[in-house]
Amino acid sequence: MISYDEWRIAYAKQAVADLRAREKLLEHPDLPDCQQLHFLQMACEKMCKAYLSGQGVDAETLSSSHAYISSQLPIIARQQFAQESRKVQGDRSWIIPAIRALARRIELLAPAVNDAGRHPANCEYPWVGPDGAMRVPAEHNFGLDLLHEKAGRHLLKVLYTATEELGSLKG
Amino acid sequence: MDRSKQAVAQRLAEAHYAVEPGIELIIQLLASPEREVDPKEPIKLLEVNPNTTASGIHPLFFGPHAASGIFYPSVIVEVTPDEYEQILRDPGLLPNEWRLGHDFARPAPAAQG
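Chains as they are written, first to last, in this note's numbering: chain R, 50 to 220; chain X, -10 to 102.
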């Protein structure tokens, strides 16, 4: 019987691999944005699933859904900020709502999450735009640059901190 | 620093209220008394947040973080006010035979941060 911790570690390892792949893709600005965004979306999804793996959770059910990022990533961020809160000065109350909004945009990058057909743009498959023209992910401007998004760097820090926390389970 | 599970749960709840003022209410979730005395049994918080999406009851499992005074593993379940009302009507919606415990009061503004 596979333990919950084994599932957590497995999901975390795959999330780290996705983040590393994204880093490599970012070294090549000639590649279309959809590629690194695809790995960002997958890393977020697997990180959320790592934290969702626990008592009473069916791992098979977890693996089949893509819509966990916007609801779960802000909770992971909040827990991390709560752990740091004594060391941090200043008002950080804006960050979680901003991360929630950004997480939703990342979640929508998955083709299986399309807001009931209202948001067909995704990082993997072509789609037909509202004007009836074909859209290709590799040619699409997703307008999502974590470096310049309000909570972009916070979200990335949450992801990397989470990989460290889950990585410590291995020892 | 009080290291009891109850004190740690209180600190964690206060920190969450401070980090996200939009949280309406935080309630402790409890397993059976036999499980709760086990230090490995997580602190479990149900957080009612109108800013989250109604996506069901999905517990997130976190490890201890002794450096910040969180000496026990913890579980966070975030729900919308509507989902909370459903849980009040049917506590059986909670997984793992958890039950609702007491509320954690929001700290006074001066105590936050």
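Glycine residues also receive a C-beta, built at the ideal position from the N, C-alpha and C atoms. Since the model is a prediction, treat every value here as computed from it, not as a measurement.
- Item | Inter-stretch contact at 8 Å, needing at least 3 Cβ pairs: the stretch 81 to 92 of chain X / the stretch 5 to 19 of chain X | yes
- Task: Compile a chain-ordered list of the residues in the stretch 31 to 59 of chain X whose CB is closer than 7 Å to at least one CB of chain R.
- Result: Asn40, Thr41, Thr42, Ser44, His47, Pro48, Leu49, Phe50, Phe51, Gly52, His54, Ser57, Ile59
- Residues in the stretch 63 to 82 of chain X having any Cβ partner in chain R nearer than 8 Å: Ser63, Val64, Ile65, Glu67
- Task: Give the residues of chain X in contact with R/Arg202, contact being defined as C-beta atoms less than 8 Å apart.
- Result: Within the first sequence, the letter at position 153 stands for residue 202 of chain R. Near R/Arg202 there are no residues of chain X at all, since even the closest Cβ is about 17 Å away, more than 8 Å.
- Task: Figure out for me which residue from X/Glu25, X/Leu14, X/Phe50, X/Ile15 has the closest Cα to the Cα of R/Gly103.
- Result: Counted from its first residue, the first sequence places residue 103 of chain R at position 54. Residue X/Phe50 is the option with its Cα nearest to R/Gly103.
- Between R/Leu215 and R/Ala108, is the Cβ-Cβ spacing less than 7 Å? As a first step, residue 215 of chain R is located in the first sequence; it is residue number 166 there, counting from the start. As a first step, residue 108 of chain R is located in the first sequence; it is residue number 59 there, counting from the start. No. Outside cutoff.
- Item | R/Cys172 versus R/Pro160 - alpha carbon distance | In the first sequence, counting from the first residue as 1, residue 172 of chain R sits at position 123. In the first sequence, counting from the first residue as 1, residue 160 of chain R sits at position 111. Each residue's Cα considered, the two are about 7 Å apart.
- Note down, in chain order, each residue of its chain lying with its Cβ closer than 8 Å to the Cβ of R/Thr212, except the 5 sequence neighbours on either side. Position 163 of the first sequence holds residue 212 of chain R. Cβ within range, chain order: Ala61, Ala64, Val65, Leu68, Met96.
- Message: Taking 8 Å as the limit between beta carbons, can you name the residues of its chain near R/His203, skipping five residues before and five after?
- Response: As a first step, residue 203 of chain R must be located in the first sequence, where it is residue number 154. Cβ neighbours of R/His203 beyond the five flanking positions: Ala126, Ile144, Ala147, Ile148.
- Query: Which residues in the same chain as X/Gly102 place their Cβ atom closer than 7 Å to its Cβ, once the five residues preceding and following it in sequence are excluded?
  - Reply: Counted from its first residue, the second sequence places residue 102 of chain X at position 113. At X/Gly102, the pLDDT of 47 sits below 50, so the modelled position is not reliable and the matter cannot be decided from this model.
- Those residues which DSSP pairs with X/Ser63 across a bridge: In the second sequence, counting from the first residue as 1, residue 63 of chain X sits at position 74. DSSP lists X/Ile32, X/Phe51 as partners of X/Ser63.
- Message: So if DSSP puts X/Leu89 in a beta bridge, which residue, or which two residues, is it bridged to?
- Response: Taking the first residue of the second sequence as position 1, residue 89 of chain X is located at position 100. Answer by DSSP bridge pairing, in chain order: X/Leu18.
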